[in-house]
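Read top to bottom, the protein sequences are chains A and B.
Our numbering applies: residue 1 is where the first sequence begins, and numbers increase by one.
Our numbering applies: residue 322 is where the second sequence begins, and numbers increase by one.
Ideal placement from N, C-alpha and C gives every residue a C-beta, glycine not left out.
Remember, it's a predicted structure, so these values are computed and weren't measured experimentally.
In what follows, a structure is listed as structure tokens, so that the remarks can point back to it.
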Amino acid sequence: MDTTLTGDSALAAPAPSPASASRARWRKRARQLAPYAFVAPFFVLFAVFGLFPLLFSVWLSLHQWEAASGLAAMHWVGLENYEYAITDPWFSKSLLTTLWFAVVSGVPQHVVALPLAFLIHTTLKRSRNFVVGAYFVPYVTSSVAIALIFTTLFSKDFGVINAILPGAPIDWLGDAHWARPAIAFVVFWRYLGWNVVLYLSALQVISNDLYEAATLDGASRWQQFRHIALPLLKPMMFFAITLTLIGNLQLFEEPFILIPPDSGAATSVMTTAMFMYRMAFSDGDFGTASAVSWLLFFIIAALTYANARLFGKEGGGDVAR
Amino acid sequence: MSRADTLTPSRVATLALVGAGVILLAAPFWFTFVFATQARADIFASPPPVWFGRHLLTNVQLLLERLPFWRNLGMSLYVATMATALNLLLCALAGYAFAVHEFAGKKILFALVLGSMMLPSFLNMIPTFMVMDLLGWIDEPRALYVPGAAGALGIFLMRQYIGTAIPRDLIDAARMDGCGELRTFWSVVLPLCGPALGTLGLITFINAWNNFVGPLVVMRSVEHYTVPLALRSMQSPNNTEWGALMAGSAIAMLPLLVAFVFCARRLVAGLTAGAVKH
Numbered sequence: 001m002d003t004t005l006t007g008d009s010a011l012a013a014p015a016p017s018p019a020s021a022s023r024a025r026w027r028k029r030a031r032q033l034a035p036y037a038f039v040a041p042f043f044v045l046f047a048v049f050g051l052f053p054l055l056f057s058v059w060l061s062l063h064q065w066e067a068a069s070g071l072a073a074m075h076w077v078g079l080e081n082y083e084y085a086i087t088d089p090w091f092s093k094s095l096l097t098t099l100w101f102a103v104v105s106g107v108p109q110h111v112v113a114l115p116l117a118f119l120i121h122t123t124l125k126r127s128r129n130f131v132v133g134a135y136f137v138p139y140v141t142s143s144v145a146i147a148l149i150f151t152t153l154f155s156k157d158f159g160v161i162n163a164i165l166p167g168a169p170i171d172w173l174g175d176a177h178w179a180r181p182a183i184a185f186v187v188f189w190r191y192l193g194w195n196v197v198l199y200l201s202a203l204q205v206i207s208n209d210l211y212e213a214a215t216l217d218g219a220s221r222w223q224q225f226r227h228i229a230l231p232l233l234k235p236m237m238f239f240a241i242t243l244t245l246i247g248n249l250q251l252f253e254e255p256f257i258l259i260p261p262d263s264g265a266a267t268s269v270m271t272t273a274m275f276m277y278r279m280a281f282s283d284g285d286f287g288t289a290s291a292v293s294w295l296l297f298f299i300i301a302a303l304t305y306a307n308a309r310l311f312g313k314e315g316g317g318d319v320a321r
Numbered sequence: 322m323s324r325a326d327t328l329t330p331s332r333v334a335t336l337a338l339v340g341a342g343v344i345l346l347a348a349p350f351w352f353t354f355v356f357a358t359q360a361r362a363d364i365f366a367s368p369p370p371v372w373f374g375r376h377l378l379t380n381v382q383l384l385l386e387r388l389p390f391w392r393n394l395g396m397s398l399y400v401a402t403m404a405t406a407l408n409l410l411l412c413a414l415a416g417y418a419f420a421v422h423e424f425a426g427k428k429i430l431f432a433l434v435l436g437s438m439m440l441p442s443f444l445n446m447i448p449t450f451m452v453m454d455l456l457g458w459i460d461e462p463r464a465l466y467v468p469g470a471a472g473a474l475g476i477f478l479m480r481q482y483i484g485t486a487i488p489r490d491l492i493d494a495a496r497m498d499g500c501g502e503l504r505t506f507w508s509v510v511l512p513l514c515g516p517a518l519g520t521l522g523l524i525t526f527i528n529a530w531n532n533f534v535g536p537l538v539v540m541r542s543v544e545h546y547t548v549p550l551a552l553r554s555m556q557s558p559n560n561t562e563w564g565a566l567m568a569g570s571a572i573a574m575l576p577l578l579v580a581f582v583f584c585a586r587r588l589v590a591g592l593t594a595g596a597v598k599h
């Protein structure tokens, strides 16, 4: 176990004078304690800003508390907040909206990214870095900047998207019917490149010999994709889909910034994370909001687990977090 | 692959497809910069403008009338710089300890670091706000950079790098020469961590620069808003100065785009490092 320790005692062995012996001892002690000091900042910060808030939120979810009345005004209500949230029709509506977004913006991300990554991998050489960079830019751009530009592009009167599409102008962000697909598109647009990059990094590990052998056997590009790349990409698919699932189920920023709260479409795009935010910061009901956050957490955990089961054992093992 | 060099019909079709994707992804950025130079009336003209106009300066002036924009930009810069500096130092230290030292509980502690990455951020939104309230950090910039000052992803990245790229002999030699632990870290390990520090610095800076939910929850006064929050506050239901807003957006995007052009490969490699097996 402790290899440095044995190394140290070997070093400290020829130590005749008491002064140098005590210095060696001090150094040994310092070396033993140093790693704890080095990792301490993370654990101190995690304790204060990660673990404590987490436990506090469990406690909070079991209390009724109005933010305005100070900490003393908290009183125990047991599971009532959970009951209240579950029976609130807006909560179940927000869950359905969240699931809708997860599927409608999530599935196309992978259905497009997989073959696209394969095409880029097999076709492009010199322009490859440029293309990968271009696909990746939305991922490193502020969600507000993205929401702002899409607000103008989706604008009903003379927005670029309505100008391109034939037919009567659509009120994308104001009409409850159209706001969802518009938001789903923005989410798809933002995360497509991230998934392409993930799949590309996995494709690079697949040996070219496999494709060459398949080409010699007369396999078409499609067959190579279907029978060589796809099976070998399975671990990465599991990882990427898990990330999409977790990310989409906590969707907040895109609908929150794109659709103003007073818009006619606001309720149709309210995700559970937005519902939680409004409950806390607009209604001041921090207890129920905490209960909602834990309900959402368990739903995400359950769906992630179901996804892992769906992919089977071979899915998770090969990829680190 | 040799077939990549000849222009077969299938290759042309592929290039067209990939190119269409690039255009689809780049178009919104193009329009941000174009609209930043157009008057509000022209942005919503029919057909919409696709080339630069001459209203950039008026838009910036308008932006400065509506927002303390330079202060917002300064705040963004300050928060992102502090977050980056702290992360580089603290993640390198922790990564060094996890990569090089042997100590009791190391495995469990490292598992805790990794496990902390899996907690969804929304779960902490409300209690974090309350912790900040208790600490009196509401509306304080430090509420934005202190909590994530030693990020788990950064510790993971630094551990991977120090573990593989820095020869153990070098560290042992420094110790033999009588270097203390901090001295070894500072003068031997850190100077060799350049590439990993570059990647980590970029990731941290970009995330801090783009952070929206953090400032939304803790920042109160417009002077203390970071750029994303400030830009959003300028949006109003019926009288939004879109040209000015796009100018602000463009200014906020530009530094990252420039950094990205120069460091795309390193950044992509760093961000996917957690995903690809080492």
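In DSSP terms, what residue i is bridged to
| i | result |
| --- | --- |
| A/D285 | A/E66 |
| A/H369 | Any question about residue 369 of chain A goes unanswered here, given that chain A covers just 1 to 321. |
C-alpha gap between residue i and residue j, whole angstroms
| i | j | result |
| --- | --- | --- |
| A/L60 | A/E66 | 11 angstroms |
| B/P369 | B/D363 | 7 angstroms |
| A/S142 | B/F533 | 8 angstroms |
| B/A316 | A/G193 | Because chain B is modelled from 322 through 599, residue 316 of chain B falls outside the range shown and cannot be assessed. |
| B/Y466 | A/F154 | 34 angstroms |
| B/A348 | B/I483 | 40 angstroms |
| B/W344 | A/Y36 | For the record, residue 344 of chain B in the displayed sequence is Ile; it is not Trp. Looking at the two C-alpha atoms, the distance is approximately 50 angstroms. |
| A/E254 | A/V104 | 14 angstroms |
| A/D88 | A/R309 | 31 angstroms |
| A/F275 | B/L398 | 31 angstroms |
| B/T329 | B/E461 | 60 angstroms |
| A/V160 | A/D217 | 48 angstroms |
| A/D262 | B/H376 | 31 angstroms |
| A/R226 | A/V187 | 27 angstroms |
| A/A147 | A/R27 | 56 angstroms |
| B/M314 | B/P441 | Only positions 322 to 599 of chain B appear in the structure, and residue 314 of chain B is not among them; the question remains open. |
| A/P115 | B/R489 | 43 angstroms |
| A/W178 | B/L588 | 36 angstroms |
| B/L517 | B/S542 | What sits at residue 517 of chain B in the sequence shown is Ala, not Leu. Looking at the two C-alpha atoms, the distance is approximately 36 angstroms. |
| A/G41 | B/V400 | Reading off the sequence, residue 41 of chain A comes out as Pro, not Gly. Between A/P41 and B/V400, the C-alpha separation is close to 19 angstroms. |
| B/L378 | B/T358 | 8 angstroms |
| A/Q223 | A/F185 | 30 angstroms |
| B/V452 | A/P53 | 7 angstroms |
| B/P536 | A/F238 | 33 angstroms |
| B/L433 | B/A425 | 14 angstroms |
| B/N393 | B/L385 | 11 angstroms |
| B/F419 | B/L511 | 15 angstroms |
| B/N408 | B/A573 | 22 angstroms |
| A/F150 | B/L410 | 38 angstroms |
| B/D454 | B/V355 | 42 angstroms |
| B/R586 | B/G519 | 12 angstroms |
Beta-carbon separation (whole angstroms), residue i vs residue j, contact threshold 8 angstroms
| i | j | result |
| --- | --- | --- |
| B/V509 | B/I527 | Not really, about 29 angstroms apart at Cβ, beyond 8 angstroms. |
| A/L251 | A/T271 | 5 angstroms |
| B/T402 | B/M567 | With a Cβ gap of about 26 angstroms, B/T402 and B/M567 do not count as contacting. |
| A/I257 | A/A266 | Wrong, their Cβ atoms sit about 12 angstroms apart, outside the cutoff. |
| A/Y82 | A/A289 | Incorrect: roughly 12 angstroms between the Cβ atoms, too far for contact. |
| B/L513 | B/C584 | At roughly 19 angstroms, the Cβ-Cβ gap does not stay under 8 angstroms, so B/L513 and B/C584 are not in contact. |
| B/L474 | B/M438 | 6 angstroms |
| B/F450 | B/V538 | 5 angstroms |
Buried or exposed by the 16-neighbour rule on C-beta atoms within 10 Å, applied to residue i
| i | result |
| --- | --- |
| A/A134 | buried |
| A/F130 | exposed |
| B/H422 | buried |
| A/G50 | buried |
| B/Q502 | The residue you asked about is not Gln; residue 502 of chain B is Glu in the sequence shown. So B/E502 ends up on the buried side. |
| B/W563 | buried |
| B/A486 | exposed |
| A/V111 | exposed |
| B/G416 | buried |
| A/W294 | buried |
| B/V582 | exposed |
| B/P549 | buried |
Check each residue of the stretch 154-183 of chain A: if its Cβ is closer than 8 angstroms to any Cβ of chain B, include it; give the result in chain order. Of all residues in the stretch 154-183 of chain A, the ones placed with a Cβ closer than 8 angstroms to any Cβ belonging to chain B are S155, D157, F158, G159, V160 and A163, in chain order.
At a Cβ cut of 7 angstroms, what residues of the stretch 224-248 of chain A count as close to chain B, listed as they run along the chain? F239 and I246
Within 8 angstroms of chain A by C-beta, residues of the stretch 571-588 of chain B in sequence order: A573, M574, L577, L578, F581, V582, A585, R586 and L588
Contact residues within the stretch 113-137 of chain A, judged by C-beta distance below 8 angstroms to chain B: L116, L119, I120, T122, T123, L124, K125, N129, V131, V132, G133, A134, Y135, F136 and V137
Listed from N- to C-terminal order along the chain, which residues in the stretch 501-517 of chain B have their beta-carbon within a distance smaller than 7 angstroms of any beta-carbon of chain A? G501 and E502
Chain-ordered residues of the stretch 20-35 of chain A with a beta carbon less than 8 angstroms from chain B: Cβ contacts with chain B: R27, A30, R31, Q32, A34 and P35.
Output needed in chain order: residues of the stretch 424-438 of chain B with a Cβ under 9 angstroms from some Cβ in chain A. With the criterion set as a beta carbon lying under 9 angstroms from some beta carbon of chain A, the members of the stretch 424-438 of chain B are F424, A425, G426, K427, L430, F431, L433, V434, L435, S437 and M438, in sequence order.
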